[in-house]
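Number of protein chains: 2
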Amino acid sequence: MPDSSTAPTIDDVAREARVSTATVSRVINDPDMVSAKTRERVQAVIEALGYTPNFAARFMAAKRTFTIGAIIPTMENAIFARGLQAFQEALHERGYTLLVSSSAYKAKVEEEQIRNLVARGADGLLLIGHDRDPAIYDYLDRQRVPVLVAWSYDETARAPCIGFDNRAAMRALTESVVDMGHRRLAMISGVSEQNDRARLRIAGVRDAMIAHGLDPASLDLIEVPYSIADGQAAFAQVMNRDTKPSIVLCGNDVLAAGAISGAEQLGLKVPDDVSVTGFDDIELAHVVRPPLTTMHVPHRAMGQMAAEELVGMIEEKRKGVSQNLKTSIVQRASVRAV
Amino acid sequence: MPDSSTAPTIDDVAREARVSTATVSRVINDPDMVSAKTRERVQAVIEALGYTPNFAARFMAAKRTFTIGAIIPTMENAIFARGLQAFQEALHERGYTLLVSSSAYKAKVEEEQIRNLVARGADGLLLIGHDRDPAIYDYLDRQRVPVLVAWSYDETARAPCIGFDNRAAMRALTESVVDMGHRRLAMISGVSEQNDRARLRIAGVRDAMIAHGLDPASLDLIEVPYSIADGQAAFAQVMNRDTKPSIVLCGNDVLAAGAISGAEQLGLKVPDDVSVTGFDDIELAHVVRPPLTTMHVPHRAMGQMAAEELVGMIEEKRKGVSQNLKTSIVQRASVRAV
DNA sequence: TGCTTTAACGTAACCGCTTACATTTTTGAC
DNA sequence: GTCAAAAATGTAAGCGGTTACGTTAAAGCA
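For the record, the sequence lines run as chains A and B. Using our numbering, read the first sequence as starting at 81 and increasing by one per residue. Using our numbering, read the second sequence as starting at 81 and increasing by one per residue.
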């Protein structure tokens with residue numbers, strides 16, 4: 081009789097079922113390698129004892145965990161939620177479990193989490209964006225843990241990625257508003273240090289300005305953390321300049337929602353007094369009033385493709401192939417021509 | 081020379097530093113048990129080799145992982161985000177790592193995730209709400225994994241919890257609107273099956289109705305998944321009845337945001353034509369127009385206290401003590417007296 | 001100096017599983 | 001019924017750490 085006060089091990093099952101531990105292991109991992117009769121007997125014992133194989137032991141012996149780790153900058157807002165959900169679902173279909181950590185946009189924390197996940201035996205890692213210490217990639221190479229980067233496409237980057245061209249997207253959005261007559265541009269961006277998405281979006285705005293004969297130095301740029309309250313505060317700041325912008329381009333929808341709030345607080349009407357744009361097209365974008373003109377990102381497709389690709393890299397032991405997904409401008413009511 | 085093509089193990093470090101593996105282990109786990117001289121030498125080798133102890137091996141030998149698992153119903157909306165973030169931060173301060181999974185509001189999936197996290201050696205678990213198969217608690221007991229439930233307070237429940245009284249809170253909110261003259265109530269709730277929060281909030285509404293002489297059966301109740309789109313659709317549905325409600329009470333802010341959108345689509349003004357309330361007081365609540373009257377939940381405090389308590393349970397091997405946190409009504413513009 | 005304590009370090013068993021290899025049993029052809 | 005091949009099962013060696021216990025070196029004291 082196994083000690084009922086502690087978790088049953090494979091030995092308990094083996095003893096109870098009168099087989100060797102190898103056989104128990106086989107009915108779990110390779111069922112049709114064992115005869116139907118013993119298989120059923122063993123399964124019954126497993127059931128009766130409520131046995132769950134110990135992951136650590138399993139990992140040590142087999143070097144596989146069927147676990148994927150993902151480290152996202154934040155769970156506080158919904159930016160990554162949808163894509164991650166799709167990622168998780170696609171992973172689940174393929175028999176993998178997703179473990180998520182958040183780094184609070186801190187490089188040091190991210191590094192810690194990466195080591196943590198790897199030490200825990202993650203078979204692969206999903207990371208957001210390319211900006212990080214190259215030493216991390218060396219470490220990952222050494223540990224033979226495949227990595228895939230999402231939310232950012234850069235064919236020159238060291239890691240394969242499934243993402244979109246942040247710079248080109250933001251340039252396109254900016255050009256569209258410049259075409260509508262906007263000349264005095266302000267931008268509320270997320271903190272760009274260690275964040276290529278933010279950095280490239282800023283660059284995209286400048287690209288558009290240059291292309292249209294505007295002085296990129298005239299861009300009134302403020303960097304703040306990604307939160308509604310920060311967007312609100314930053315908006316007040318840009319509207320307090322001597323030459324007020326006719327449009328405020330925001331690094332993402334959360335910031336843009338904050339900007340719209342900020343406008344209301346100042347008694348300004350969007351888009352009559354000032355236009356606002358977002359980026360990402362999360363649900364928030366069509367809940368705020370006015371609804372946000374923003375850049376639509378194929379979150380779910382990105383998550384799904386990332387799952388597919390990462391699993392492929394793991395199972396076929398091959399390099400990942402990058403993909404540049406298309407984004408598209410969604411015109412809503414927060415921008416008007418001037 | 082250790083094989084540079086593979087991750088260094090404790091043996092590599094020991095060999096290089098000319099000590100035994102026991103000593104290496106000690107400099108990592110109990111540094112002042114070894115002399116300064118050897119300690120420094122070993123540390124240098126660890127540094128040079130980029131050695132990270134293997135978690136699985138460590139767990140097998142020591143039975144501790146300093147990892148806490150949390151399973152939340154969803155990452156798609158921000159309901160749990162803030163509390164979880166606080167939970168994670170508090171955990172981090174105490175030297176623990178948080179691993180998060182989401183169950184998509186599915187009991188089966190949650191069970192799977194629980195087993196997964198336990199098999200992975202989570203030292204403790206944070207679960208949301210009390211509704212689940214009691215067998216799960218048996219399993220957790222047997223595995224000696226402490227569990228703490230959050231987002232719901234119930235002193236009669238099997239697991240200790242840090243939460244709030246969903247029923248009383250919703251009753252209070254309902255009473256406040258009834259006091260303002262509302263008599264025809266509708267409610268858009270999340271799916272209440274396997275979800276005590278949703279169930280208790282519905283019960284709270286009925287409590288209030290009974291207390292004020294209204295027929296609880298007259299409540300027009302619709303249950304939908306928690307999403308803005310669902311809230312929107314449900315709103316159209318309740319407004320399509322013969323006797324339209326004067327107020328629509330929503331199970332949470334996400335649904336309420338959807339309801340407000342829905343109202344706008346139907347050309348209805350909130351709160352002039354119909355009032356709307358939410359629950360949770362997430363950022364979304366003050367971004368929508370009109371801002372939501374809702375029930376404020378102390379998310380961050382809840383997360384922090386949960387971390388503290390769970391770590392206490394683990395380290396002092398004691399039972400958890402439950403706490404009933406206070407919520408409070410936040411009056412904004414989405415409700416008006418009739 | 002010699003002997004006892006204490007500090008520092010080493011030895012090796014063990015944690016719970018997988019899997020290569022060895023052994024036994026079953027199957028099927030003659 | 002034999003015997004070879006195939007199927008089923010068992011044996012035992014790791015995987016990479018931790019730690020109880022034993023051994024050696026240093027320290028303290030008469």
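From the three backbone atoms N, C-alpha and C, an ideal C-beta is built for every residue, glycine too.
Give a yes or no on whether the minimum CB-CB distance between A:Pro133 and chain B is below 8 Å. The residue you call residue 133 of chain A lines up with position 53 of the first sequence. Yes, A:Pro133 counts as interfacial toward chain B.
> By DSSP, does B:Gly243 sit in helix, in strand, or in coil?
Replying inline: Residue numbering aside, residue 243 of chain B sits at position 163 when the second sequence is read from its first letter. Three-state result, B:Gly243: strand.
### Message
Using a 10 Å radius around the Cβ and a threshold of 16 neighbouring Cβ atoms, would you call B:Glu96 buried or exposed?
### Response
Residue 96 of chain B sits at position 16 when you count from the first residue of the second sequence. It is buried - the Cβ of B:Glu96 has at least 16 other Cβ atoms within 10 Å.
Q) Are the stretch 281 to 290 of chain A and the stretch 314 to 326 of chain A touching by the rule of at least three beta carbon pairs closer than 8 Å? A) no
Check: Can you list, in chain order, the residues of its chain whose CB lies under 6 Å from that of B:Ala365, leaving out five sequence neighbours each side?
Finding: For the purposes of this step, residue 365 of chain B is identified with residue 285 of the second sequence, where counting begins at 1. Asp333, Gly358, Leu372, Thr374.
Extent of the continuous alpha helix (DSSP H) to which A:Ala142 belongs
In the first sequence, counting from the first residue as 1, residue 142 of chain A sits at position 62. Segment 135 to 142, the alpha helix (DSSP H) holding A:Ala142.
Distance between A:Val368 and A:Gln411 (C-alpha atoms, nearest Å) = Residue numbering aside, residue 411 of chain A sits at position 331 when the first sequence is read from its first letter. Residue numbering aside, residue 368 of chain A sits at position 288 when the first sequence is read from its first letter. Each residue's Cα considered, the two are about 14 Å apart.
* My guess is that B:Val391 and B:Arg174 are in contact by the Cβ rule of under 8 Å, so how many angstroms apart are they, rounded? -> In the second sequence, residue 391 of chain B corresponds to position 311, counting from 1. In the second sequence, residue 174 of chain B corresponds to position 94, counting from 1. The Cβ separation is near 5 Å, so the contact holds.
How about the stretch 378 to 390 of chain A and the stretch 325 to 343 of chain B: do they share at least three Cβ pairs that are nearer than 8 Å? no
Notebook entry, point to check: What residues in the stretch 204 to 230 of chain A have a beta carbon less than 7 Å from any beta carbon of chain B?
Noted result: Tyr219, Arg222, Gln223
task: Answer yes or no: the CB of B:Ser341 versus the heavy atoms of the ligand COA, is any distance below 7 Å?
output: Among the components modelled here there is no ligand, and therefore nothing to report on the ligand COA.
Proximal residues, the stretch 369 to 403 of chain A versus chain B, C-beta separation under 8 Å: Arg369
State yes or no: is the beta carbon of A:Gly130 nearer than 8 Å to at least one beta carbon in chain B? The residue labelled residue 130 of chain A in the question sits at position 50 within the first sequence. Taking Cβ atoms only, chain B reaches closer than 8 Å to A:Gly130, which makes this a yes.
Next on the checklist: What does the alpha-carbon distance come out to for the pair A:Ala150 and B:His262?
Outcome noted: Residue numbering aside, residue 150 of chain A sits at position 70 when the first sequence is read from its first letter. Residue numbering aside, residue 262 of chain B sits at position 182 when the second sequence is read from its first letter. One C-alpha to the other measures close to 47 Å.
Suppose you measure from the CA of B:Gly102 to the CA of B:Leu129; what does that come to, to the nearest Å? The sequence position of residue 102 of chain B within the second sequence is 22, counting from 1. The sequence position of residue 129 of chain B within the second sequence is 49, counting from 1. In the sequence on display, residue 102 of chain B carries Ala and not Gly. Spanning the two alpha carbons is a distance of roughly 18 Å.
*asked:* Looking at B:Ser183: is its Cβ nearer than 8 Å to the Cβ of B:Gln168?
replied: As a working note, residue 183 of chain B is residue 103 in the second sequence. As a working note, residue 168 of chain B is residue 88 in the second sequence. Their beta carbons are not under 8 Å apart, which means B:Ser183 does not touch B:Gln168 by this criterion.
> Which runs of the alpha helix (DSSP H) fall wholly inside the stretch 320 to 408 of chain A and span at least 4 residues, in chain order?
Replying inline: 333 to 345, 379 to 395
Return the chain-ordered list of same chain residues with a C-beta closer than 8 Å to the C-beta of A:Arg416, the five sequence neighbours on each side being excluded. Here residue 416 of chain A is taken as the residue at index 336 of the first sequence, counted from 1. Counting only Cβ-Cβ distances below 8 Å, and skipping sequence neighbours, we find Met260, Pro351, Asp352, Ser355.
> Going by the CB atoms, is the gap between A:Leu299 and A:Met267 shorter than 8 Å?
Replying inline: For the purposes of this step, residue 267 of chain A is identified with residue 187 of the first sequence, where counting begins at 1. For the purposes of this step, residue 299 of chain A is identified with residue 219 of the first sequence, where counting begins at 1. Yes. Within cutoff.
| field | C-alpha distance - A:Thr132 paired with B:Arg222, whole-angstrom precision | value | Residue 132 of chain A sits at position 52 when you count from the first residue of the first sequence. Residue 222 of chain B sits at position 142 when you count from the first residue of the second sequence. Roughly 12 Å separates the two Cα atoms.
Leaving out five residues on either side along the sequence, give the residues of the same chain with a beta carbon under 6 Å from the beta carbon of B:Ala413.
-> Numbered from its first residue, the second sequence carries residue 413 of chain B at position 333. So the qualifying residues of the chain are Pro370, Pro371.
- Among A:Lys406, A:Thr89, A:Leu206, A:Glu190, which has the Cα closest to the Cα of A:Gln274? Counting from one through the first sequence, the residue named residue 274 of chain A turns up at place 194. Residue A:Glu190 is the option with its Cα nearest to A:Gln274.
Whole-angstrom C-beta distance between B:Val99 and B:Ile90, which should lie under 8 Å: Mapped onto the second sequence, residue 90 of chain B falls at position 10. Mapped onto the second sequence, residue 99 of chain B falls at position 19. About 11 Å separates the two Cβ atoms, so there is no contact after all.
Going straight from the alpha carbon of B:Tyr219 to that of A:Gly383, what length do you get? For the purposes of this step, residue 219 of chain B is identified with residue 139 of the second sequence, where counting begins at 1. For the purposes of this step, residue 383 of chain A is identified with residue 303 of the first sequence, where counting begins at 1. B:Tyr219 and A:Gly383: Cα-Cα distance of roughly 33 Å.
- request: Indicate whether B:Ile242 and B:Ser402 have their beta-carbon atoms separated by less than 8 Å.
  value: Position 162 of the second sequence, counted from the start, is the residue given in the question as residue 242 of chain B. Position 322 of the second sequence, counted from the start, is the residue given in the question as residue 402 of chain B. For B:Ile242 and B:Ser402, yes; Cβs fall inside 8 Å.
**OP:** Would you mind sorting A:Gly347 into buried or exposed? The rule is 16 or more other CB atoms within 10 Å of its CB.
**Re:** As a position in the first sequence, residue 347 of chain A is number 267, starting the count at 1. Answer is exposed; the Cβ neighbour count stays below 16.
Quick one: what's got a C-beta closer than 8 Å to A:Phe146's C-beta in the same chain, skipping five residues either side?
Counting from 1 along the first sequence, the entry for residue 146 of chain A is found at position 66. Cβ neighbours of A:Phe146 beyond the five flanking positions: Gly175, Tyr176, Thr177, Asp203.
Pull up the CB-CB distance for A:Ser232 and A:Arg264, whole angstroms please, since I reckon it's below 8 Å. Along the first sequence, read from residue 1 onward, the residue named residue 232 of chain A stands at position 152. Along the first sequence, read from residue 1 onward, the residue named residue 264 of chain A stands at position 184. At roughly 29 Å, the Cβ-Cβ gap does not stay under 8 Å, so A:Ser232 and A:Arg264 are not in contact.
- Query: Where do the ends of the beta strand (DSSP E) carrying A:Met155 lie?
  - Reply: For the purposes of this step, residue 155 of chain A is taken as residue 75 along the first sequence, with counting starting at 1. Premise fails: A:Met155 is in no beta strand (DSSP E) and is neither H nor E.
Proximity to A:Gly342 [Cα-Cα], best of A:Asp310, A:Asp322, A:Pro325: Translated into positions along the first sequence, residue 342 of chain A becomes position 262. For the residues A:Asp310, A:Asp322, A:Pro325, the minimum Cα distance to A:Gly342 belongs to A:Asp310.
* To do: Using three-state DSSP, classify B:Ala215 as helix, strand or coil.
  => Residue numbering aside, residue 215 of chain B sits at position 135 when the second sequence is read from its first letter. It is helical.
Exercise for the section: Under 8 Å between beta-carbons, which chain A residues line up against B:Val246? List them in chain order, please. Expected result: Here residue 246 of chain B refers to the residue found at position 166 when the second sequence is read from its first residue. The amino acid at residue 246 of chain B is misidentified as Val; the sequence shows Asn. None at all; the shortest Cβ gap to chain A is about 23 Å.
If I'm right that B:Pro226 touches B:Gly338 with Cβ under 8 Å, what's the distance once you round it to whole angstroms? Here residue 226 of chain B is taken as the residue at index 146 of the second sequence, counted from 1. Here residue 338 of chain B is taken as the residue at index 258 of the second sequence, counted from 1. Actually they do not touch by this definition, with Cβ atoms about 37 Å apart.
Span of the beta strand (DSSP E) around B:Thr177: Working through the second sequence from its first residue, we reach residue 177 of chain B at position 97. Counting along the chain, the beta strand (DSSP E) containing B:Thr177 begins and ends at 177 to 182.
Q.
According to DSSP, B:Val206 sits in a beta bridge with which residue or residues?
A. Position 126 of the second sequence, counted from the start, is the residue given in the question as residue 206 of chain B. It should be pointed out that residue 206 of chain B corresponds to Leu in this sequence rather than to Val. B:Leu206 pairs with B:Ala150, B:Leu228.
Does the beta carbon of B:Ser341 come closer than 8 Å to any beta carbon on chain A?
-> Translated into the one-based positions of the second sequence, residue 341 of chain B becomes position 261. Yes, contact with chain A.
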